[in-house]
Structures are given as C-alpha cells and as structure tokens.
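Q: First the structure, then my questions, so here it is.
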Amino acid sequence: MPIQAKVNSLLSRLPSPLLAFLFFLSVFVFTNQGTIQSTDGKLMYLLTQSMVEENRLSFVTDIALDPKTEVPGEPGRHYSKYGWGLSLWAIPFYLAGKGASEVLGMDPKLGTAFTVTMMNAVVSALTCMFVFLIGRDRLQLGMQASFILSLAYGLTTTVWVYSQDFMSEPITSLLLTAAVYGISSTKSMTSNRLLLIVGSLLGMALLTRLATLVLIPGFFLYLVLKQTAPKRNLNSIIKNGTLLGGPMIVFLLVILYYNFIRFGGPLETGYEQGFNGNMLVGIYGLLISPGKSLFLYCPVIIISCLKFRYLFLKNRPLAALCAYLIISNLILYSFWGNWHGGITWGPRFMVPVLPFLVLPVGYLWIVDPLRFQKPIFALCAIGFAIQVMGVSVNMSRYYYHMKAEYGERYHELLLHSPGHSPLLGRPGEVIEVFGHLGNADILKSLADNARSRKSFMGAEPREILDKGLAVNAPNFWWLYMWILGYPFYITLFPAGCLFLFQILSLKILVQSPSGIP
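Just so we're aligned, residue 195 is where the sequence shown starts under my numbering, counting upward by one.
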C-alpha cells in the first residue's frame, strides 16, 4: 500500500474536529515567525522567563517603560502592566523550549522564544476547532459547511497573522469561543459542572485581559434567554448565574491581589491612559478607516454583518450572545485612546470577537447556496490574499518605510490616508522581500547581522530597513533558520512535511460529503 494511501487512511479515521485542529495547526506552525517581534510580546515573554528562572513576578529589561512599573529600589526591573494570564499559560511552552535547547545544543533564549511563539499557533488552531464545533453542533450546519466556516475564520481574517506572535488577543478569543460553545450546549442548562467550566474559562479570560469584564454580562443574558418566557424560573436563573459567576469571582480576587503586589493597590493596573478617547473616532477607526478597518482587513465580515439576522432566525439566544460580545467589545475599544493597537495588522482589538462575527457565514452557505456561496467565496478569496500578505512580511516593515519618508506624520497617514494604507503598500513589500532570497550577498549580510545579536532597537528606520533580518526576509521560522545556515532536517524538511499534511488533510475535510466521525 503506497505511503500516501496509508496516510490518507489514517487521517480519514480521525474525528473531524481533531483533523480540523491538526490542519489549522499545521498551517499556523508552517507560517509562524518563530521569534517574538512585538514589544508587548517581548515584555510578556520576559515575565514568563522570570517566573520560571527566578520565581519572581518582575523582570529586567532595557526597553523604555513607564516609571510607574519599576520595582521600588531595583532600577531596571519592572512589573508588567499586562494581564498575568498569557505569561502564565506560556510556562509549559517555555519549559519545552528550554528542554529542547538542551537536547539540540541551542541557545536557550532562542529555543524558548521559538516555542513560546508557537503557543498562539496552537491556541489559534484550537479556536478554529471550536468555531467548527459551534457550526456543527450548535448551528447543525453539517461537516462541510462547518469546516468552510472555520476556514473563513482561520484563513481569511487577521487571526492568521496574530497566530505568529506572542500577544494576548488569540488566547482571549479561544477562551471566549470555548465558553460560548460550552454555555450553548443543547444538554440541560442546569448542569453544575458545565456552568463551572464555562465560568472558569471566562475567569481565565479575565486573568489574561481584564477588559474582557465588559463582555461577561452577555453570558448571564444568555442564561435568561435560553429559558423560554413562560418557563423562566427565577430561582433556576439565580442558581445558574451563581455557578457561572463563582469561578470568575475567584479569578477577580487573584487579579486584585496581583495588582496589589505590583502597584500597591488592587485597582492599580500600571496603564498610563484609560478609556478616555472619542467613541466616534474609535468606531470610525475600527470599522472603516483606511489603515485599520475591520471590513478592509477581514472582508468576509461584510456579508456576515449585513446578514446577521439569519443567525437570529437559526438560534436566537446564541445570536444575541454573539451580538452582545461584538458590540460591547467594539464600544469598549472605541473609547481606548490607542484604539488602533499600535504597529499591528488591522484592528487588533477586534481579534477576540472575530469568531462570533463570522458565524453567520456558515449558515448563509447552506440556507441559500445560489444566492450566497459565490459572494462568500469571493470575499474569502480576497481575505485570504490579504492575510497571506500579512503573514509573509513583518508587519512593522511598512511602518518603518513610512516613518523614514514622512517622519512624525507617518502614523496619521497610515491610519487615515487611503493612499497610504498598509494594504496598498504590502504587495510591493512582499515582492521585494521574496526577491532578497535570490540575492546571496543580501542574505549573507542579513545573516551576519543576526548572528552578531546586534540590536536595532531605537535605531533610525532606514538602518533597520537596511540591516534587519526580520524585516528583509519572508516572515517564516524555517526560512530564517535556512538563511542562518541551520541544516536541512530542521528547516526545509519539516516545513515540507507540514505543507504536505495541509494538502492531505484539507482534501479529506473538503471532499467528504457526509463528514467523518
């Protein structure tokens, strides 16, 4: 029996949610950058490192931070202003990287950073699996339509780009999606264990991003809506709400104590700015601005929002919960002064609610195929091309180009000038960066700079653009390692295996007419 046939036979026996998870995991690992390139990610990694290596909740860094976060009496040592959760959940990945580094004889700083960045690849693949499960089990879409729904989410929205780095949005999205799947179970809503699990998931989301607190009332609303009006029982609602809220209270107490340890007060978070922005400006920016529009970066959301009422027709309580999560998150971050999320790809703060924005796509795919399948396919194709550009090149490269050319005006132009949108600048960057692969002199110079561990932090944008490996090579770990001279068996070979697995598993998931187990 040929090897390919054996592999196909093995894969076809896997449960469809597991195979979907493995498919997305192979994609996200294949396109992962393998390094932590965002400042937020580096700081949260440093906290993970400090917890493991020093058993401390503070860390040493040469990154310029707010003096409010400095540990009293220890210059250069800081507390993180970010939620504790992401750094905490990353500990197993850090330990795995540390162990692998010892076995392979690698620098542990490189090995642990590599495995920690893979955390969001795993997390994002799990979220895709839960989107698949919601489609299959809660909306009864069938296997194919549910997988198409998960494809629309995983490969045509910005979640793909955010699977590359070490930020808290992907795991917040996973915890919320798993909680939605759990609370929308068709089994008895009085299951104590189920509500405790959902409450714990939401508590972990709070520990990761405290701003998630604004989204929590939607789950209590769901408990009320789930019971039909004539049969609503106040005692039952109170009991279920208590079971749901109990674990969250425990996590909130942990957060308050963590704040007290860091900044001397349970309500102190270390943030300089609060939610004091202009709501209209924030909503405009997140939805329709040239530089950060949700609809431009995730075009499939257009049809999903226009036809969201179809989800209400299918499952009113679930649709109401999703609508609440989307709207409350949008309003919350429209008030945030930094609504654009810094040097990021698209509207970063909308990533946690992207699963709920795409849910109508799955239902539209089957409710009226002749009317909706072609526009969904077209929007998904455009979104896929946008995300491929996003994962192929370091997201900060265009920012450096703009800053080098326009100085301090660059950020306003990026956000608000249609002619300077990153979406327009990215195609040329992709061509240029991939073109470097054919120039041995450029690759050698970039590799030499990377091996010397020279830091370009704070350097002029033009110097970074000329000398930085991460902004001058395709943003994939296996290409970085190949450029740096690592052997074939840990660079191109595993990448090839991952790509082959994607093809085989995709074929099974798409072609099976009635679904696999």
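All C-beta atoms, glycine included, are put in the ideal place defined by N, C-alpha and C.
1) Whose C-alpha, out of 696, 298, 238, 520, is nearest the C-alpha of residue 283?
2) Please classify residue 489: does DSSP put it in a helix, a strand, or coil?
3) Give the list of continuous alpha helix (DSSP H) stretches no shorter than 4 residues that lie fully inside the region 400-426.
4) What residues in its chain sit with their C-beta under 8 Å from that of residue 726, if we drop five residues either side in the sequence?
5) Leaving out five residues before and five after residue 581 in sequence, what residues of the same chain have Cβ atoms less than 8 Å from its Cβ?
6) Report buried or exposed for residue 195, applying the criterion of at least 16 other Cβ atoms within 10 angstroms of its Cβ.
7) Measure the alpha-carbon distance for residue 362 versus residue 567 and round it to whole angstroms.
8) Helix, strand or coil, according to DSSP, for residue 712 in the structure here?
9) Would you kindly check if the distance between the Cβ of residue 522 and the Cβ of residue 409 is under 8 Å?
10) Could you compute how far the alpha carbon of residue 214 sits from the alpha carbon of residue 534?
11) Determine the DSSP secondary structure at residue 195, reduced to helix, strand or coil.
12) Report the three-state DSSP secondary structure of residue 478 (helix, strand or coil).
13) Who are the near neighbours of residue 287 in its chain, counting only those whose CB is closer than 7 Å to its CB and skipping five residues on each side?
14) Under 8 Å Cβ to Cβ from residue 345, same chain only, skipping five residues before and after it: list those, please.
15) Please go through the same chain and pick out, in chain order, the residues whose beta-carbon is closer than 8 Å to the beta-carbon of residue 578, but skip the five residues on each side of it.
16) Please state if the CB of residue 393 and the CB of residue 441 are separated by a distance shorter than 8 Å.
17) Identify, in the order they occur along the chain, each residue of the same chain with its Cβ nearer than 8 Å to the Cβ of residue 713, setting aside the five sequence neighbours on each side.
18) Residue 264 bridges to which residues according to DSSP?
19) Taking its Cβ as the centre, do 16 or more other Cβ atoms sit within 10 Å of residue 621, making it buried, or is it exposed?
20) Take every Cβ of the region 671-689, pair it with every Cβ of the region 221-234, and state whether three or more of those distances are shorter than 8 Å.
21) To the nearest whole angstrom, what separates the beta carbons of residue 677 and residue 640, a pair I think is in contact under 8 Å?
22) CB-CB under 8 Å to residue 384, same chain, minus the five flanking residues each way: which ones, in chain order?
23) Identify which residue in 608, 617, 550 has its Cα closest to the Cα of residue 576.
24) Is the Cβ-Cβ distance between residue 347 and residue 552 less than 8 Å?
25) Excluding the 5 residues preceding and the 5 following residue 549 in the sequence, name in chain order all residues of the same chain whose CB lies nearer than 7 Å to its CB.
26) Is it right to say residue 217 is buried, meaning 16 or more other beta carbons lie within 10 angstroms of its own, or is it exposed?
27) Rounded to the nearest angstrom, what separates residue 483 and residue 608 at their Cα positions?
28) With 16 other CB atoms within 10 Å as the buried threshold, where does residue 207 fall?
29) Can the beta-carbon of residue 316 be found closer than 8 Å to that of residue 692?
30) Assign residue 720 to one of two classes, buried (16 or more other C-beta atoms within 10 Å of its C-beta) or exposed (fewer than that).
31) Could you tell me the boundaries of the alpha helix (DSSP H) in which residue 215 lies?
32) Given this structure, state the Cα-to-Cα distance separating residue 538 from residue 623, to the nearest angstrom.
33) Restricting to Cα atoms, I'd like to know which of 415, 258, 403, 465 is closest to residue 364.
34) Helix, strand or coil: how does DSSP classify residue 360 here?
35) For residue 367, list the residues DSSP reports as bridge partners.
36) For residue 700 and residue 329, what's the separation of their Cα atoms in angstroms?
A: Let's see:
1) Selection 696, 298, 238, 520 evaluated against residue 283 yields 238 as nearest (Cα-Cα).
2) In the structure shown, residue 489 adopts helical secondary structure according to DSSP, grouped into three states.
3) If we require 4 residues or more, the alpha helix (DSSP H) runs fully inside the region 400-426 come out as 411-420.
4) Since the first and last residues shown for the chain are 195 and 711, residue 726 lies out of range.
5) Excluding sequence neighbours, residue 581 sits near 349, 350, 351, 352, 354, 355.
6) Note on residue 195: pLDDT 48, under 50, position unreliable in the model; the coordinate value appears next. By the C-beta density criterion, residue 195 is exposed, having fewer than 16 other C-beta atoms within 10 angstroms.
7) One C-alpha to the other measures close to 33 Å.
8) The structure shown does not extend to residue 712, since the chain spans only 195 to 711, so no value can be given for it.
9) Taking a C-beta distance under 8 Å as the contact criterion, residue 409 and residue 522 qualify as a contact pair.
10) In this structure, the alpha-carbon of residue 214 lies about 32 Å from that of residue 534.
11) Note on residue 195: pLDDT 48, under 50, position unreliable in the model; no value is reported.
12) Three-state DSSP puts residue 478 in a helix.
13) The beta carbon of residue 287 lies closer than 7 Å to those of 309, 310, 312, 313 in the same chain, with the five residues before and after it left out.
14) Answer for residue 345: 574, listed in chain order.
15) Sequence-distant Cβ neighbours of residue 578 in its own chain, meaning closer than 8 Å and more than five residues away, are 349, 350.
16) In this structure, residue 393 lies closer than 8 Å to residue 441 by Cβ.
17) With the chain covering only 195 through 711, there is no way to say anything about residue 713.
18) Its beta-bridge partners are 272.
19) Exposed is the call here.
20) As far as the Cβ criterion goes, the region 671-689 touches the region 221-234, which means the pair count is three or higher.
21) Taking the Cβ atoms as the reference, residue 677 lies roughly 7 Å from residue 640, within the contact range of under 8 Å.
22) Only weak support exists for where residue 384 lies, its pLDDT of 49 falling under 50; the coordinates are left without a value.
23) Checked all of 608, 617, 550; the closest Cα to residue 576 is 617.
24) Cβ distance < 8 Å, so residue 347 and residue 552 count as in contact.
25) Same-chain partners within the cutoff: 321, 325, 347, 367, 371.
26) So residue 217 counts as buried.
27) So the alpha carbons of these two residues sit roughly 10 Å apart.
28) Counting of Cβ neighbours within 10 angstroms places residue 207 among the exposed residues, the total staying below 16.
29) It is not a contact, given that the beta carbons lie outside the stated cut-off.
30) No answer is possible for residue 720: the residues shown for the chain start at 195 and end at 711.
31) Looking at the DSSP string, the run of the alpha helix (DSSP H) that includes residue 215 is 210-224.
32) Their backbone Cα atoms lie some 16 Å apart in a straight line.
33) The alpha carbon of residue 364 has as its nearest neighbour, out of 415, 258, 403, 465, the alpha carbon of 403.
34) In the three-state reduction of the DSSP assignment, residue 360 falls in the coil class.
35) Under the DSSP definition of a beta bridge, residue 367 lacks any partner.
36) Distance between the alpha carbons of residue 700 and residue 329 is about 18 Å.
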